[in-house]
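Report on the following structure.
Number of protein chains: 2
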Amino acid sequence: MEAHKQLTIGLFGFGVVGEGLYKVLQQTPSLRATIKKVCIKNPTKQRNAPAALFTTEKEELLSDESINVIVEVIDDANAAFEIVSIAMRNGKGVVSASKKMIAEHLPEILELQQETGLPFLYEAAACASIPVIRNLEEYYDNDLLHSIKAIVNGSTNFILTKMFEDKLSFQSALLLAQQLGFAESNPKLDVEGYDAVNKWAILLNHAYGIVEHPDNILFTGIQNIQLSDALVAREKSLDVKLIAQAKKLSNGQVAAFVLPQFVKHDEPLSFVKNEYNGVVIESGFADKQFFYGKGAGSFPTASAVLSDISALRYNYCYEYKKLYHHNPHELTTDYYLKVYVSFDDWKYIPREKFEWIEEWHADADRKYLVGVLHAGELLNDSWWKENGSSLILSPDPVIDNIDIINLKKRSLELAGVV
Amino acid sequence: MEAHKQLTIGLFGFGVVGEGLYKVLQQTPSLRATIKKVCIKNPTKQRNAPAALFTTEKEELLSDESINVIVEVIDDANAAFEIVSIAMRNGKGVVSASKKMIAEHLPEILELQQETGLPFLYEAAACASIPVIRNLEEYYDNDLLHSIKAIVNGSTNFILTKMFEDKLSFQSALLLAQQLGFAESNPKLDVEGYDAVNKWAILLNHAYGIVEHPDNILFTGIQNIQLSDALVAREKSLDVKLIAQAKKLSNGQVAAFVLPQFVKHDEPLSFVKNEYNGVVIESGFADKQFFYGKGAGSFPTASAVLSDISALRYNYCYEYKKLYHHNPHELTTDYYLKVYVSFDDWKYIPREKFEWIEEWHADADRKYLVGVLHAGELLNDSWWKENGSSLILSPDPVIDNIDIINLKKRSLELAGVV
Chain A
1 MEAHKQLTIG LFGFGVVGEG LYKVLQQTPS LRATIKKVCI KNPTKQRNAP
51 AALFTTEKEE LLSDESINVI VEVIDDANAA FEIVSIAMRN GKGVVSASKK
101 MIAEHLPEIL ELQQETGLPF LYEAAACASI PVIRNLEEYY DNDLLHSIKA
151 IVNGSTNFIL TKMFEDKLSF QSALLLAQQL GFAESNPKLD VEGYDAVNKW
201 AILLNHAYGI VEHPDNILFT GIQNIQLSDA LVAREKSLDV KLIAQAKKLS
251 NGQVAAFVLP QFVKHDEPLS FVKNEYNGVV IESGFADKQF FYGKGAGSFP
301 TASAVLSDIS ALRYNYCYEY KKLYHHNPHE LTTDYYLKVY VSFDDWKYIP
351 REKFEWIEEW HADADRKYLV GVLHAGELLN DSWWKENGSS LILSPDPVID
401 NIDIINLKKR SLELAGVV
Chain B
1001 MEAHKQLTIG LFGFGVVGEG LYKVLQQTPS LRATIKKVCI KNPTKQRNAP
1051 AALFTTEKEE LLSDESINVI VEVIDDANAA FEIVSIAMRN GKGVVSASKK
1101 MIAEHLPEIL ELQQETGLPF LYEAAACASI PVIRNLEEYY DNDLLHSIKA
1151 IVNGSTNFIL TKMFEDKLSF QSALLLAQQL GFAESNPKLD VEGYDAVNKW
1201 AILLNHAYGI VEHPDNILFT GIQNIQLSDA LVAREKSLDV KLIAQAKKLS
1251 NGQVAAFVLP QFVKHDEPLS FVKNEYNGVV IESGFADKQF FYGKGAGSFP
1301 TASAVLSDIS ALRYNYCYEY KKLYHHNPHE LTTDYYLKVY VSFDDWKYIP
1351 REKFEWIEEW HADADRKYLV GVLHAGELLN DSWWKENGSS LILSPDPVID
1401 NIDIINLKKR SLELAGVV
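Chains as they are written, first to last, in the working numbering: chain A, 1 to 418; chain B, 1001 to 1418.
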């Protein structure tokens, strides 16, 4: 595409994001981008736009040579991937917001971009309004990225905020999130961490050049968090957040997971409440950088789509520098995690699997312990998310292999075992 | 420059930033950037690098054809501008951290870039480690940027934090900032707002395409803030911060200034403590975005320089899209500001210049009022920063001309005047 060209858009999906986008583009002629046709699934639904704009035939968009950009904001990952593939093979740039589709089809999507040389942008798929992909791609493109941790799912964060600050029950908080339009149509996707791990699979690529299917990433959601966990958090002056993180280990491999975690009040992620998202990047010499913005809802998502559309006018495309120009990093589960586990009965807890246990409270109805586990144990087993057990990471949870022996020794000394 | 090339750097300045940069580049061979020569002013000073690296002759760097990048981290704005001009005319890309030089010579610097087509990057000149220029340039490049407000000076923010939270006196807090290396060599540059307004002149260009000399921007520092102001802030549950801001008015013109301001505790900028910087960007549909990171100190500055060097390898340059590709916005002082002014005696306060006064406290030793003033009055007069008077903006201070009549009427009604 030549520079600063007029964009003629074919839009798939006219839900809250699609309709919002349509309105903004109409009100902002300076963007020089117009929607020529919108493909929808249900033709009988009432729409706030001229009827002539709509079609149910995707070919009308995908084969129209005057359309040079396809924007895809539909809910169905398989249909979305098909649309994207055809669009790019037909010579069109693509903007997408479908995190599940991108996370699950990353290798094919990389191939499509290499094959066609066309831009495929998807800032809206990670933290909605926060330009995290763009910053990882453009600004943190060197060997100095120590770690990245983030709240990437607005609806679980909203639920946790309402539970911990306003003392709502999990169910009322979830209902409120749905009423406000923050939650996925299937709440399981948010609550059990699927949405977060999809986003994390995407960001791992832009942060470290890692291409990994979300199924292979350690994760859970907030479905097991109990009221008693909230009480423990309050006692220790900590928040509980669902945090996605990746950390470079001393051998250069990367530890990555999405798990609930205790967060200190003075940490930037503790500032992230309700439907907001936040990303903390630790890089050599820069110390901590924190990006914060709305992570859910139609308008923040539409705004990210809009910025991608705008970038297409300048022929912007992701270079995937960490994957193609550097030695991409490898994901590993060979490291240790310091965890808090609360549970109803000791019989559900395989104590022998802990490297050591630092703290335990067994007197109350609800028991808990704080100990250290090998991360592979969590990926390969599920006792920690079954039978009402609830696992929450310690504030600084990752223990490198080179440190484990000394820490274990010190811990056993403290406990008076040796 | 061809893509992903090896960079051979000529470095001007070997202070904390320069030396830090030298070390990182040595430790990070994957950056493919090496320092060939360092130009210093004082040859007798002991340096932690081989003597052969140093010279006092700038021509040795500027005329060396094997050097393709000049990095300039010196303290002298005039010398820096000369170096940059010669370097670019000699076909070299430039990375600079000199905010004063860039702010004061912006028109010439823009011309140099257009003339030579060479990149001139200066992310380190705005908020040190926060990639704010890059994000304004690349991501918020449309008409939807409603406002930007920021804490851009780490040392005044450090001083305010120590005064308000640790009850240090202004002098002790300043001394501590200097000891920790956060303050400019001449503290007046930080404390009286010169450093902040220089940075703001730079950011106004990348945010709105405005090219304005810092002398024409309304600003002051924290030199007049009194202990009594801190007490008022605490009473009202507010913080006091030195905040740079720019806001698009209803007529499309931009209000911009750097002034102390009351900030609510739940606002992102209230989270910014000590030497950190923070930027809040309000854009259409995205709502508030917040960027946070270290804004002072040698390492954060070196890290921004490093990211610019890294970007040069990919031939990155600022496009100044808002200036060249859009209609650049105009700066105006035709709007109103809601201010708090504390003072020792009414005789110093020209009450007739206020549109209206909403609140006054005249019983104590130290008096204060809250009222509304035309912004032009502040730019053209100085009573508000003389005779021990202290001006602090209200939390949401900008009043658009189209709102002033109704607000004035309502305010007079409330006061029982009409």
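Every residue gets a Cβ at the ideal spot worked out from N, C-alpha and C, and that includes glycine. None of the values given here were measured: they were computed from a predicted structure.
| Whole-angstrom distance between Ala1097 of chain B and Ala1124 of chain B, CA atom to CA atom | As a position in the second sequence, residue 1124 of chain B is number 124, starting the count at 1. As a position in the second sequence, residue 1097 of chain B is number 97, starting the count at 1. Using only the alpha carbons, I get a separation of about 5 Å.
| Uninterrupted alpha helix (DSSP H) stretches inside the segment 1012-1076 of chain B (no shorter than 4 residues) | 1016-1027 and 1059-1062
| said: Going by DSSP in three states, Leu1242 of chain B sits in which element: helix, strand or coil? | reply: Stepping through the second sequence from its first residue, residue 1242 of chain B is reached at position 242. The answer is strand: DSSP assigns Leu1242 of chain B an E or B state.
| field | Member of B:Val1069, B:Leu1393 and B:Pro1029 whose CA lies at the smallest distance from the CA of Asn1090 of chain B | value | As a first step, residue 1090 of chain B is located in the second sequence; it is residue number 90 there, counting from the start. Checking every option, the nearest Cα to that of Asn1090 of chain B belongs to B:Val1069.
| task | Can you give me the Cβ contacts of Ile164 of chain A inside the same chain, cut-off strictly under 6 Å, excluding the 5 residues immediately before and after it? | result | Taking the first residue of the first sequence as 1, we reach residue 164 of chain A at position 164. Note on residue identity: the sequence assigns Phe, not Ile, to residue 164 of chain A. Within the same chain, Phe164 of chain A has close Cβ partners Ala230.
| message | If we define contact as Cβ-Cβ less than 8 Å, is Asn251 of chain A a contact residue for chain B? | response | As a working mapping, residue 251 of chain A is identified with position 251 in the first sequence. Judged by the 8 Å Cβ criterion, Asn251 of chain A is not in contact with chain B.
| task | Report the neighbours of Phe291 of chain A on chain B: residues whose CB is nearer than 8 Å to its CB, in chain order. | result | The residue given as residue 291 of chain A occupies position 291 in the first sequence. The answer, in chain order, is Gln1289, Phe1290, Phe1291 and Tyr1292.
| Buried or exposed (CB count within 10 angstroms, at least 16 for buried), Arg1410 of chain B | Here residue 1410 of chain B corresponds to residue number 410 of the second sequence, with the count starting at 1. That one is exposed.
| Secondary structure at Glu1137 of chain B, three-state DSSP: helix, strand or coil? | Sequence index remark: in the second sequence, residue 1137 of chain B carries index 137 (1-based). It is helical.
| Contact check, Gln245 of chain A vs Ile148 of chain A, beta carbons under 8 Å | If you number the first sequence from 1, residue 245 of chain A lands on position 245. If you number the first sequence from 1, residue 148 of chain A lands on position 148. The answer is yes: Cβ separation under 8 Å.
| task | Tell me whether Leu1414 of chain B is buried or exposed, calling it buried when 16 or more other Cβ atoms sit within 10 Å of its Cβ. | result | Locating residue 1414 of chain B in the second sequence gives position 414, counting from the first residue. With fewer than 16 other Cβ atoms within 10 Å, it is exposed.
| Is the beta carbon of Ile1130 of chain B sitting closer than 8 Å to the one on Gly1295 of chain B? | For the purposes of this step, residue 1130 of chain B is taken as residue 130 along the second sequence, with counting starting at 1. For the purposes of this step, residue 1295 of chain B is taken as residue 295 along the second sequence, with counting starting at 1. Taking 8 Å as the Cβ cut-off, Ile1130 of chain B and Gly1295 of chain B qualify as a contacting pair.
| Is there a Cβ from chain B that is less than 8 Å from the Cβ of His326 of chain A? | Your numbering for residue 326 of chain A matches position 326 in the first sequence. Taking Cβ atoms only, chain B reaches closer than 8 Å to His326 of chain A, which makes this a yes.
| request: Spatial neighbours of Asn1198 of chain B within its chain, please: CB distance less than 7 Å, with the 5 preceding and 5 following residues excluded, ordered by chain position. | output: Here residue 1198 of chain B refers to the residue found at position 198 of the second sequence. Hits under 7 Å: Lys1099, Lys1100, Ala1103 and Pro1214.
| task | Find out if the Cβ-Cβ distance for the pair Glu1386 of chain B, Val1370 of chain B is shorter than 8 Å. | result | Position 386 of the second sequence, counting from 1, holds the residue named residue 1386 of chain B. Position 370 of the second sequence, counting from 1, holds the residue named residue 1370 of chain B. No, the Cβ-Cβ distance between Glu1386 of chain B and Val1370 of chain B is not below 8 Å.
| Where DSSP assigns a beta bridge to Pro300 of chain A, which residues make up the other side? | For the purposes of this step, residue 300 of chain A is taken as the residue at position 300 of the first sequence. DSSP, once it has assigned bridges, lists no residue as partnering Pro300 of chain A.
| query | Based on Cα-Cα distance, which residue from B:Leu1160, B:Glu1212 and B:Ile1009 lies nearest to Pro1107 of chain B? | reply | Residue numbering aside, residue 1107 of chain B sits at position 107 when the second sequence is read from its first letter. Checked all of B:Leu1160, B:Glu1212 and B:Ile1009; the closest Cα to Pro1107 of chain B is B:Glu1212.
| From this set, A:Glu330, A:Tyr122 and A:Asn216, which residue's C-alpha is nearest Ala80 of chain A's C-alpha? | Here residue 80 of chain A is taken as the residue at index 80 of the first sequence, counted from 1. Here the closest residue by C-alpha is A:Tyr122.
| request: With DSSP as the reference, label Asp396 of chain A as helix, strand or coil. | output: As a position in the first sequence, residue 396 of chain A is number 396, starting the count at 1. Asp396 of chain A falls in the strand class under three-state DSSP.
| request: Compute the beta-carbon to beta-carbon distance between Pro1397 of chain B and Ile1210 of chain B, rounded to the nearest angstrom, for a pair I have assumed lies under 8 Å. | output: Against the second sequence, residue 1397 of chain B aligns to sequence position 397. Against the second sequence, residue 1210 of chain B aligns to sequence position 210. Not quite, the Cβ-Cβ distance comes to about 19 Å (not below 8 Å), so this is no contact.
| field | Same chain, Cβ closer than 6 Å to Leu1053 of chain B, five either side skipped, listed in chain order | value | The residue given as residue 1053 of chain B occupies position 53 in the second sequence. Result list for Leu1053 of chain B: Val1038, in chain order.
| task | Can you tell me which of the three DSSP states Asn1277 of chain B falls into? | result | The sequence position of residue 1277 of chain B within the second sequence is 277, counting from 1. Asn1277 of chain B falls in the strand class under three-state DSSP.
| query | CA-CA distance, Glu1059 of chain B and Asp1075 of chain B? | reply | Here residue 1059 of chain B refers to the residue found at position 59 when the second sequence is read from its first residue. Here residue 1075 of chain B refers to the residue found at position 75 when the second sequence is read from its first residue. Their Cα atoms are separated by approximately 19 Å.
| request: Kindly indicate which residue of B:His1146, B:Gly1293 and B:Phe1182 has the alpha-carbon position closest to the one of Ile1159 of chain B. | output: As a working note, residue 1159 of chain B is residue 159 in the second sequence. Among B:His1146, B:Gly1293 and B:Phe1182, the Cα nearest to that of Ile1159 of chain B is on B:Phe1182.
| message | Does chain A have any CB closer than 8 Å to the CB of Pro1300 of chain B? | response | Looking up residue 1300 of chain B in the second sequence gives position 300. Output row for Pro1300 of chain B: interface = yes.
| said: Give me the residue from A:Thr34, A:Phe291 and A:Gln261 with the minimum Cα distance to Arg134 of chain A. | reply: Here the question's residue 134 of chain A lines up with position 134 in the first sequence. Nearest of A:Thr34, A:Phe291 and A:Gln261 to Arg134 of chain A, Cα basis: A:Phe291.
| query | Name the chain A residues whose beta carbon is nearer than 7 Å to that of Ser1390 of chain B? | reply | Stepping through the second sequence from its first residue, residue 1390 of chain B is reached at position 390. Ordered by position in chain A, no residue passes the 7 Å Cβ test against Ser1390 of chain B, which lies about 29 Å from the chain.
| query | How would you list, in chain order, the residues of chain B whose beta-carbon sits under 8 Å from the beta-carbon of Ile151 of chain A? | reply | Translated into the one-based positions of the first sequence, residue 151 of chain A becomes position 151. Those within 8 Å of Ile151 of chain A in chain B number zero; the least Cβ separation is about 13 Å.
| field | CA-to-CA distance, Gly1010 of chain B to Asp1381 of chain B, given in whole angstroms | value | Here the question's residue 1381 of chain B lines up with position 381 in the second sequence. Here the question's residue 1010 of chain B lines up with position 10 in the second sequence. Spanning the two alpha carbons is a distance of roughly 45 Å.
| What residues in the segment 1124-1142 of chain B bring their beta carbon closer than 7 Å to a beta carbon of chain A? | Ser1129, Ile1130, Pro1131, Arg1134, Asn1135, Glu1138, Tyr1139, Asp1141 and Asn1142
| Along the chain, where does the alpha helix (DSSP H) that runs through Lys199 of chain A open and close? | By one-based count along the first sequence, residue 199 of chain A stands at place 199. Run containing Lys199 of chain A: Tyr194 to Tyr208, per the alpha helix (DSSP H) assignment.
| Does Val17 of chain A get closer than 8 Å to chain B when you measure Cβ to Cβ? | Working through the first sequence from its first residue, we reach residue 17 of chain A at position 17. No - not a single Cβ of chain B is within 8 Å of the one on Val17 of chain A.
| task | Would you kindly check if the distance between the Cβ of Leu238 of chain A and the Cβ of Ile151 of chain A is under 8 Å? | result | Counting from 1 along the first sequence, the entry for residue 151 of chain A is found at position 151. Counting from 1 along the first sequence, the entry for residue 238 of chain A is found at position 238. Result no, Cβ atoms of Ile151 of chain A and Leu238 of chain A do not sit closer than 8 Å.
| message | Using 8 Å as the threshold, is the C-beta distance between Ile202 of chain A and Ala126 of chain A below it? | response | Counting from one through the first sequence, the residue named residue 202 of chain A turns up at place 202. Counting from one through the first sequence, the residue named residue 126 of chain A turns up at place 126. Yes, the pair counts as a contact, with Cβ atoms nearer than the cut-off.
| Pick from B:Pro1187, B:Thr1301 and B:Ser1390 that is closest to Ala286 of chain A, judged by C-alpha positions | On the first sequence, residue 286 of chain A is found 286 positions in, with the first residue counted as 1. With distances taken between Cα atoms, Ala286 of chain A lies closest to B:Thr1301.
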